[in-house]
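Note that the protein sequences, when read in sequence, are chains A and B.
The letter at position 145 of the first sequence is residue 145 when you use my numbering, and the numbering goes up by one with no holes.
The letter at position 74 of the second sequence is residue 394 when you use my numbering, and the numbering goes up by one with no holes.
Even glycine gets a Cβ: it sits at the ideal position worked out from N, Cα and C.
Here's the structure, in structure tokens; my notes come after.
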Amino acid sequence: MSDAILRVTDLSRLFRVGGFRARGQLHAIDDVSFEVAPAEIVALVGESGSGKSTIARVLAGLYLPTKGTIVFEGTALGRRDSRAIRGAMPMVFQDPFGSINPVLRVGHGLLRALKLHRPDVARAQRFDEAVALAEKVGLTPGAEVLARYPHELSGGQRQRLGFAQALASRPSLILADEPVSMLDVSIRIGLLNVMKDLRDHENVSILYITHDLASARYVADRMLVLYAGRLVEEGCTNEVIANPQHPYTRLLMSSAPDPRLAPNDFEGDDLGEPPKVINPGPGCRFAPRCPLAMDQCLVSTPAMVALSPTHGAACYAVVP
Amino acid sequence: MSEPILRVRDLRVEYETPSGPAQAVEDVSFDLAPGEFLAVVGESGCGKSTLLFAIAQLLTYPARLAGGAVLFEGVDFTSLRPEELRARRWRDISVVMQSAMNALNPTLTIGAQLADACRAHTEWPDERIKERSAEVLAMVAIDAVHLKSYPFQLSGGMRQRALIAMALLLEPKLVLMDEPTSALDVVAQRSLMKQVATLRQSLGFAVIFVTHDMSVVAHHSDRLAVMYAGEIVELGPTGEVFHRPEHPYAKGLMEAFPSLRGELQPLLGIAGNPPSLVNPPAGCLFAARCSFANDQCRTVHPELVDYGDRAVRCHLVAESRA
Numbered sequence: 001m002s003d004a005i006l007r008v009t010d011l012s013r014l015f016r017v018g019g020f021r022a023r024g025q026l027h028a029i030d031d032v033s034f035e036v037a038p039a040e041i042v043a044l045v046g047e048s049g050s051g052k053s054t055i056a057r058v059l060a061g062l063y064l065p066t067k068g069t070i071v072f073e074g075t076a077l078g079r080r081d082s083r084a085i086r087g088a089m090p091m092v093f094q095d096p097f098g099s100i101n102p103v104l105r106v107g108h109g110l111l112r113a114l115k116l117h118r119p120d121v122a123r124a125q126r127f128d129e130a131v132a133l134a135e136k137v138g139l140t141p142g143a144e145v146l147a148r149y150p151h152e153l154s155g156g157q158r159q160r161l162g163f164a165q166a167l168a169s170r171p172s173l174i175l176a177d178e179p180v181s182m183l184d185v186s187i188r189i190g191l192l193n194v195m196k197d198l199r200d201h202e203n204v205s206i207l208y209i210t211h212d213l214a215s216a217r218y219v220a221d222r223m224l225v226l227y228a229g230r231l232v233e234e235g236c237t238n239e240v241i242a243n244p245q246h247p248y249t250r251l252l253m254s255s256a257p258d259p260r261l262a263p264n265d266f267e268g269d270d271l272g273e274p275p276k277v278i279n280p281g282p283g284c285r286f287a288p289r290c291p292l293a294m295d296q297c298l299v300s301t302p303a304m305v306a307l308s309p310t311h312g313a314a315c316y317a318v319v320p
Numbered sequence: 321m322s323e324p325i326l327r328v329r330d331l332r333v334e335y336e337t338p339s340g341p342a343q344a345v346e347d348v349s350f351d352l353a354p355g356e357f358l359a360v361v362g363e364s365g366c367g368k369s370t371l372l373f374a375i376a377q378l379l380t381y382p383a384r385l386a387g388g389a390v391l392f393e394g395v396d397f398t399s400l401r402p403e404e405l406r407a408r409r410w411r412d413i414s415v416v417m418q419s420a421m422n423a424l425n426p427t428l429t430i431g432a433q434l435a436d437a438c439r440a441h442t443e444w445p446d447e448r449i450k451e452r453s454a455e456v457l458a459m460v461a462i463d464a465v466h467l468k469s470y471p472f473q474l475s476g477g478m479r480q481r482a483l484i485a486m487a488l489l490l491e492p493k494l495v496l497m498d499e500p501t502s503a504l505d506v507v508a509q510r511s512l513m514k515q516v517a518t519l520r521q522s523l524g525f526a527v528i529f530v531t532h533d534m535s536v537v538a539h540h541s542d543r544l545a546v547m548y549a550g551e552i553v554e555l556g557p558t559g560e561v562f563h564r565p566e567h568p569y570a571k572g573l574m575e576a577f578p579s580l581r582g583e584l585q586p587l588l589g590i591a592g593n594p595p596s597l598v599n600p601p602a603g604c605l606f607a608a609r610c611s612f613a614n615d616q617c618r619t620v621h622p623e624l625v626d627y628g629d630r631a632v633r634c635h636l637v638a639e640s641r642a
């Protein structure tokens, strides 16, 4: 894909942990490379601690990368050109109760985003534009919703507002960090449908960060599976879901509860312990939990192997 | 079915709010057989956790019991004095709280916290306490070395399992679980559910499991209660309710989450929000969000009708069943 709007290459972010003499390096993300095409929803899937939020935060400029490059719309992101970045690549946060100022009216955040990022919208038109944005994400009637205070909105409405605020700067990419995980099941699907709508009608790409494979399958065109800071599988959502190749993806698939099916028993009794990524040694990070682990897995890190033009897995046990 | 160990009758809980009492739990009644696994599902604010706390008599201001009875082996918990209750807690009923992160004391080792519970409820000597602590940790696949660990040294899944171990210390007949899996990853979640199922089989305790994510309990519970706005709207055998839900809200819930397998279908979820519990509407509480609602639904409050195979609170179901 040469027309990717976002190209991430060998991105790493290490954190120093422990006391001030300590030499612990936590490898939150290690050599992660991926691309996002225009009007595409890419799901970044992994368990907690896998580094998926770190990727979003590095992209948003909240953390600096330790290594690697981020090319966004043809230009490499420097150390701090933050306002432009936030406008072009806004973020929707996980907690709809903590991410909206409770003492200001709902309209404030939207109007402010328009003021900061949309000089083309004249002051007199800002309110109309804000109403239009609110209605795009299903907050109707827009004018009435904008006059309310955040506590008068439900969790689902707040998260819709988060998307409306992100949309205010006419971004080409929205970073959505677990946008539905704090919402009730009956509300979630509405928000996933909003994401699809934005992709189809506003041509926005979304990097959808989630631990929920089923919701990733529902909205995403492509998915990236992250384990302990490394990408282990990537590809078209359909291909990955229908034919998961990496043993970790398979474990995730078989763990996802699905009431429509009989319970499935995964080989082995995995307690689901997350890996240690402080000063990790060489080798595949999934090896200690992997039913297929070989000698080679303990000494060197497998590279991503293409299984088809649109599907790849980083595992020695996978034969293309 | 053998004699139920728990009978909940017309339980009502109110929250005091500045605008008047809010009905958090309204006329909830059910029986629980020994060793049975009852799952209670519903969205946040539907009263499912409040119900659990009311059963354990752990309600604190602004919540208060407004009526009804909780009969555990024939004894009404709502009429017991605090010291009588304390004698029964942990021995008869124990609770696994939602967030292991907050339920464990960060400044004490796991062993100290297990010992604390033993000392409060038994006269056991120290060796017996140590022995039993190691025993319950082993039940949840945690090595005895972790008796000396602090909570921060354990992973999220281990902490949650340690809480379950703690609940099992005195072999209670009923364990109340308040969303124990919601802070866990899918892999850890599945392994925890499996462990609870095995322990229940070997120890024979009954479980009331509260969750908002019904897919978690689909395979492990015997019966499923769906709550909406403080009321049970459908109660029946889990498989039946899952595959053939009858109440429109239950139907909506079952169709609200995407599947990993099979055809990808566009889903709609349930539009709208739950009603105010301070001034609940006159008719069915779900009528405003229900696409089948008629005039009767908007004016007459439906009762939970037991049809033998399941109980449903809906006028339309009553009509079609008649």
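**Prompt:** Helix, strand or coil: how does DSSP classify B:Arg329 here?
**Reply:** Taking the second sequence and counting its residues from 1, one reaches residue 329 of chain B at position 9. Under the three-state reduction of DSSP output, B:Arg329 falls in the strand class.
**Prompt:** What distance in whole Å lies between the Cβ atoms of A:Leu231 and A:Val225, which are believed to be in contact at a cut-off of 8 Å?
**Reply:** Your numbering for residue 225 of chain A matches position 225 in the first sequence. Your numbering for residue 231 of chain A matches position 231 in the first sequence. Between A:Val225 and A:Leu231 the beta-carbon gap is near 7 Å, inside 8 Å, which marks them as a contact.
**Item:** Contained alpha helix (DSSP H) runs [length at least 4] in the region 405-458 of chain B, N- to C-terminal order
**Value:** Those alpha helix (DSSP H) runs which fall completely within the region 405-458 of chain B and span 4+ residues are 420-423, 430-441.
**Asked** For A:Ala216, which of helix, strand or coil comes out of DSSP?
**Response** In the first sequence, the residue the question calls residue 216 of chain A occupies position 216. Note: A:Ala216 maps to helix in three-state DSSP.
**Request:** Specify, as a first and last residue, the run of the beta strand (DSSP E) that B:Val345 falls within.
**Result:** If you number the second sequence from 1, residue 345 of chain B lands on position 25. Note, B:Val345: beta strand (DSSP E), 340-352.
**Asked** What does A:Ser154 touch in chain B if you count any residue whose Cβ is under 9 Å from its own?
**Response** As a working note, residue 154 of chain A is residue 154 in the first sequence. Chain B residues near A:Ser154: Asn593, Pro594.
**Minimum Cβ-Cβ distance from B:Phe577 to chain A less than 8 Å** = As a working note, residue 577 of chain B is residue 257 in the second sequence. Output row for B:Phe577: interface = yes.
**Request:** Find the residues of chain B that neighbour A:Val399, judging by a C-beta separation of less than 8 Å, and give them in chain order.
**Result:** As displayed, chain A neither begins before 1 nor continues past 320, which places residue 399 of chain A out of reach and without an answer.
**Request:** Verify whether the separation of the beta carbon atoms of A:Thr54 and A:Ile29 is less than 8 Å.
**Result:** For the purposes of this step, residue 54 of chain A is taken as residue 54 along the first sequence, with counting starting at 1. For the purposes of this step, residue 29 of chain A is taken as residue 29 along the first sequence, with counting starting at 1. In contact: A:Thr54 and A:Ile29 (Cβ atoms closer than 8 Å).
**Request:** Could you name the residues of chain B that A:Val188 contacts, counting a contact when the two beta carbons are closer than 8 Å?
**Result:** Residue numbering aside, residue 188 of chain A sits at position 188 when the first sequence is read from its first letter. The sequence given here has Arg at residue 188 of chain A, not Val. Here the neighbours are Ala576, Phe577, Gly589.
**Request:** Can you grab the Cα-Cα spacing for the pair B:Ala631 / B:Gly388, in whole Å?
**Result:** Along the second sequence, one-based indexing puts residue 631 of chain B at 311. Along the second sequence, one-based indexing puts residue 388 of chain B at 68. Distance between the alpha carbons of B:Ala631 and B:Gly388 is about 19 Å.
**Request:** Please specify which runs of the beta strand (DSSP E), each continuous and at least 3 residues long, are wholly inside the region 27-67 of chain A, giving them in chain order.
**Result:** For the beta strand (DSSP E) assignment, the uninterrupted runs of no fewer than 3 residues enclosed by the region 27-67 of chain A are, from N- to C-terminal side, 41-45.
**Simplified DSSP state of B:Asp629, which is helix, strand or coil** = Here residue 629 of chain B refers to the residue found at position 309 when the second sequence is read from its first residue. Correct three-state label for B:Asp629: coil.
**Message:** Can you tell me whether B:Pro600 sits near the ligand SAH, meaning its C-beta is under 7 Å from at least one heavy atom of the ligand?
**Reply:** Looking for the ligand SAH in the displayed structure turns up nothing, as the structure carries no ligands at all.
**Message:** Is there a C-beta anywhere in chain B that falls below 8 Å from the one on A:Pro179?
**Reply:** Your numbering for residue 179 of chain A matches position 179 in the first sequence. Closer than 8 Å: no.
**Message:** Beta-carbon within less than 6 Å of B:Glu393's beta-carbon, same chain only, minus the 5 sequence neighbours each way: which residues are those?
**Reply:** Taking the first residue of the second sequence as position 1, residue 393 of chain B is located at position 73. Around B:Glu393: Ile325.
**Asked** The beta strand (DSSP E) spanning B:Phe529 covers which residue range?
**Response** Walking along the second sequence from the start, residue 529 of chain B turns up at place 209. Segment 526-531, the beta strand (DSSP E) holding B:Phe529.
**Asked** Given a threshold of 16 other Cβ atoms within 10 Å of its Cβ, counted over all protein chains shown, does A:Gly24 qualify as buried or as exposed?
**Response** Start at 1 with the first residue of the first sequence, and residue 24 of chain A comes out as number 24. Exposed, since its Cβ has fewer than 16 Cβ neighbours within 10 Å.
**Prompt:** Are any of the Cβ atoms in chain B nearer than 8 Å to that of A:Leu252?
**Reply:** Taking the first sequence and counting its residues from 1, the one referred to as residue 252 of chain A is at position 252. At a cut-off of 8 Å between C-beta atoms, A:Leu252 counts as an interface residue with respect to chain B.
**Prompt:** Does the beta-carbon of A:Met294 have 16 or more other beta-carbons within 10 angstroms, so that it is buried, or is it exposed?
**Reply:** In the first sequence, counting from the first residue as 1, residue 294 of chain A sits at position 294. A residue is called buried once 16 or more other Cβ atoms fall within 10 Å of its Cβ, and A:Met294, having fewer, is exposed.
**Request:** Determine the extent of the beta strand (DSSP E) in which B:Met497 is found, giving its start and end residues.
**Result:** For this step, residue 497 of chain B is matched to residue 177 along the second sequence. Taken as a continuous stretch (DSSP letters only), the beta strand (DSSP E) holding B:Met497 covers 494-498.
**Request:** Name, going along the chain, the residues of the region 519-542 of chain B whose beta-carbon falls closer than 8 Å to a beta-carbon of chain A.
**Result:** The residues in question are His532, Asp533, Met534, Ser535, Val536, Ala538, His539.
**Asked** Beta carbon of B:Ile462, beta carbon of B:Arg448: below 8 Å?
**Response** Within the second sequence, residue 462 of chain B is the residue found at index 142, counting from 1. Within the second sequence, residue 448 of chain B is the residue found at index 128, counting from 1. No. Outside cutoff.
**Asked** Taking C-beta to C-beta, are B:Val361 and B:Leu371 nearer than 8 Å?
**Response** By one-based count along the second sequence, residue 361 of chain B stands at place 41. By one-based count along the second sequence, residue 371 of chain B stands at place 51. No.
**Request:** Thinking B:Glu560 and B:Asp629 are a contact (beta carbons under 8 Å), I'd like their distance in whole angstroms, please.
**Result:** The residue you call residue 560 of chain B lines up with position 240 of the second sequence. The residue you call residue 629 of chain B lines up with position 309 of the second sequence. Contact holds; Cβ gap of about 7 Å.
**Message:** Based on DSSP bridge pairs, tell me the residues matched to B:Glu491.
**Reply:** Stepping through the second sequence from its first residue, residue 491 of chain B is reached at position 171. Checking the DSSP bridge columns, you'll see B:Glu491 has no partner listed.
**Message:** Would A:Leu44 and A:Leu153 be called neighbours here (beta carbons separated by less than 8 Å)?
**Reply:** Mapped onto the first sequence, residue 44 of chain A falls at position 44. Mapped onto the first sequence, residue 153 of chain A falls at position 153. No. Outside cutoff.
**Asked** Alpha carbon to alpha carbon, how far is A:Leu198 from B:Phe472?
**Response** Looking up residue 198 of chain A in the first sequence gives position 198. Looking up residue 472 of chain B in the second sequence gives position 152. Rounded to whole angstroms, A:Leu198 and B:Phe472 show a C-alpha spacing of 41 Å.
**Prompt:** Where DSSP assigns a beta bridge to B:Pro557, which residues make up the other side?
**Reply:** If you number the second sequence from 1, residue 557 of chain B lands on position 237. Paired residue(s): B:Arg543.
**Message:** Please identify the residue among B:Trp410, B:Ala342, B:Leu405, B:Arg618 whose C-alpha is closest to the C-alpha of B:Tyr381.
**Reply:** Taking the second sequence and counting its residues from 1, one reaches residue 381 of chain B at position 61. The shortest C-alpha separation from B:Tyr381 is found at B:Ala342.
**Message:** Can you tell me where the alpha helix (DSSP H) holding A:Val17 begins and where it ends?
**Reply:** Position 17 of the first sequence, counted from the first residue, corresponds to residue 17 of chain A. Taken as a continuous stretch (DSSP letters only), A:Val17 belongs to no alpha helix (DSSP H), being part of the beta strand (DSSP E) at 6-17.
**Asked** From B:Phe373 to B:Ile552, what distance separates their C-alpha atoms?
**Response** Residue 373 of chain B sits at position 53 when you count from the first residue of the second sequence. Residue 552 of chain B sits at position 232 when you count from the first residue of the second sequence. Using only the alpha carbons, I get a separation of about 16 Å.
**Request:** Would you kindly work out how many angstroms separate the C-alpha atoms of A:Leu139 and A:Arg160, rounded to a whole number?
**Result:** Taking the first sequence and counting its residues from 1, one reaches residue 139 of chain A at position 139. Taking the first sequence and counting its residues from 1, one reaches residue 160 of chain A at position 160. Taking the straight line joining both Cα atoms gives about 7 Å.
**Asked** Shorter than 8 Å from the beta carbon of B:Glu363 to some beta carbon of chain A?
**Response** Here residue 363 of chain B refers to the residue found at position 43 of the second sequence. Residue contact check for B:Glu363 against chain A: a CB pair falls below 8 Å.
**Asked** Are any of the Cβ atoms in chain C nearer than 8 Å to that of A:Val185?
**Response** In the displayed structure, chain C is absent; the protein chains listed are A and B.
**Asked** Using the C-alpha atoms, what's the distance from A:Leu192 back to A:Pro218?
**Response** Your numbering for residue 218 of chain A matches position 218 in the first sequence. Your numbering for residue 192 of chain A matches position 192 in the first sequence. According to the sequence displayed, residue 218 of chain A carries Tyr and not Pro. When rounded, the distance between both Cα atoms is 8 Å.
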